[in-house]
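Okay, structure first, notes after.
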Amino acid sequence: DLMELLSTFTMELNRSDTKLEGLIGQGEFADVYKGILKTREGKQIVAVKVLRPGSSEKNQKDFLSEASIVSQFNHPNVIRLIGVVTQSRPMMILTEYLESGSLDHFLKARDGQLTNLQLIGMARGVACGMVYLSDMNFIHRDLAARNVLVGENMLCKVSDFGLSRELADDDQDTAEYHTQGGKIPIRWTAPEAIQHRTFSTASDVWSYGILVWEIMSFSERPYWDWDNLDVIKRVETGYRLPPPQGCPNVIFCLMMECWDKDKSKRPTFSEIVSRFDELIRSPEVLEVIQRKVV
Ligand SMILES: NC(=O)c1cccc(Nc2nccc(Nc3c(Cl)ccc4c3OCO4)n2)c1
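The sequence shown begins at 64 in the working numbering and counts up by one.
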């Protein structure tokens with residue numbers, strides 16, 4: 064069970080060794096603080112997610128589930144867990160602290176100030192994190208710029224595993240997770256996952272394509288102010304997001320492949336990383352940009 068998994072993978076920390084400095088983020092059931100953790104080596108700056116007192120059983124279970132999921136990961140492009148406080152209340156999750164915050168805010172604050180090569184480097188980092196997660200049989204189900212954190216030198220790390228799920232071994236062949244209910248981030252979610260609630264690494268690839276569109280558009284809102292029903296209908300009839308201004312054709316082609324209606328035709332995350340590596344090796348192809356027809 065969850066507590067067993069947690070005790071296997073995570074380090075229970077002493078609350079007295081933690082000190083909350085300042086609020087840096089607020090979620091539905093938890094607040095995130097910048098904090099300091101006293102360790103044998105000295106002091107470490109950390110991020111601390113604190114579950115709101117009085118949270119429901121389900122929220123407590125989801126909170127512990129995120130900690131147990133994150134605790135299994137060890138990759139430079141995936142948020143790293145330091146430990147948890149679960150033996151007293153409020154419960155807390157402590158991770159490495161990423162100073163630049165979430166990718167959507169990072170891009171909004173730098174609109175037009177980053178080069179295509181810098182943007183592609185961030186997109187590539189997220190894809191590397193997703194190669195690792197998909198190899199670990201995890202599907203994220205909520206891949207979006209808001210759920211990627213930015214560290215030093217614009218190193219991007221996949222975070223926020225509130226909706227992620229592990230594919231049970233017997234699902235290997237179908238490799239699909241059938242969710243019973245719960246909210247779905249419509250504008251980032253593949254059509255088959257919306258219609259049949261079948262999530263897979265291929266549906267994470269669709270979301271990744273939307274995330275790359277967010278990166279290249281400096282965090283424009285996908286489908287702008289359309290309502291969710293219009294998004295579903297228009298995408299179902301074949302509509303796809305247009306290339307963001309200044310987006311190299313080769314990057315837009317990659318996005319379009321991620322948005323193939325047939326999930327078996329979408330590229331794998333490994334293929335996406337390889338495509339980025341080719342582009343970075345021959346940056347001249349990034350100069351080919353579709354000019355906006357006025
Ligand atoms: N500098 C800033 O304004 C700033 C804003 C937001 C986040 C961070 N930074 C930041 N760094 C690391 C983690 C998080 N948030 C987070 C997540 Cl996403 C999941 C689980 C968990 C977290 O903290 C502890 O447990 N945040 C920094």
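Where is the CB? At the ideal position from N, CA and C, for every residue including glycine. Treat the numbers as computed from the prediction; the structure is a model and nothing was measured.
Any heavy atom of ligand 1 closer than 6 angstroms to the beta-carbon of residue i?
i, result
"Leu-21", "A query on residue 21 cannot be resolved here, the shown segment of the chain reaching from 64 to 357 and no further."
"Ala-172", "no"
"Asp-223", "yes"
"Gly-301", "no"
"Lys-220", "no"
"Val-141", "no"
"Leu-76", "no"
"Leu-161", "yes"
"Ile-412", "Because the chain is modelled from 64 through 357, residue 412 falls outside the range shown and cannot be assessed."
"Ile-87", "yes"
"Ala-110", "yes"
"Gly-164", "yes"
Could you check the C-alpha separation between residue i and residue j for me, to the nearest Å?
i, j, result
"Arg-329", "Leu-274", "15 angstroms"
"Gly-117", "Arg-303", "43 angstroms"
"Asp-288", "Asp-198", "35 angstroms"
"Lys-134", "Gly-105", "First, the amino acid is wrong: residue 134 is Ser here, not Lys. One C-alpha to the other measures close to 22 angstroms."
"Lys-82", "Tyr-96", "10 angstroms"
"Leu-69", "Ala-130", "7 angstroms"
"Ile-249", "Gly-214", "28 angstroms"
"Leu-161", "Pro-153", "23 angstroms"
"Pro-306", "Trp-276", "8 angstroms"
"Arg-375", "Asp-80", "Only positions 64 to 357 of the chain appear in this structure, which leaves residue 375 out of reach."
State the beta-bridge partners of residue i as determined by DSSP.
i, result
"Glu-159", "Val-109"
"Glu-75", "Val-147"
"Val-221", "Val-141, Val-211"
"Ser-165", "Leu-212"
"Gln-353", "In DSSP, Gln-353 forms no bridge with anything."
Validate contact between the stretch 140-148 and the stretch 187-204 using beta carbons, cut 8 angstroms, 3 pairs: yes
Inter-stretch contact (C-beta, 8 angstroms, three-pair minimum) for the stretch 150-170 and the stretch 211-228: Counting C-beta pairs with one atom in each stretch, the stretch 150-170 and the stretch 211-228 have three or more that are closer than 8 angstroms, which means they touch.
Three or more C-beta pairs below 8 angstroms linking the stretch 85-95 and the stretch 119-135: yes
Three or more C-beta pairs below 8 angstroms linking the stretch 260-268 and the stretch 278-288: no
Cβ pair count under 8 angstroms reaching 3, the stretch 331-348 against the stretch 180-187: yes
Three or more C-beta pairs below 8 angstroms linking the stretch 149-162 and the stretch 201-209: no
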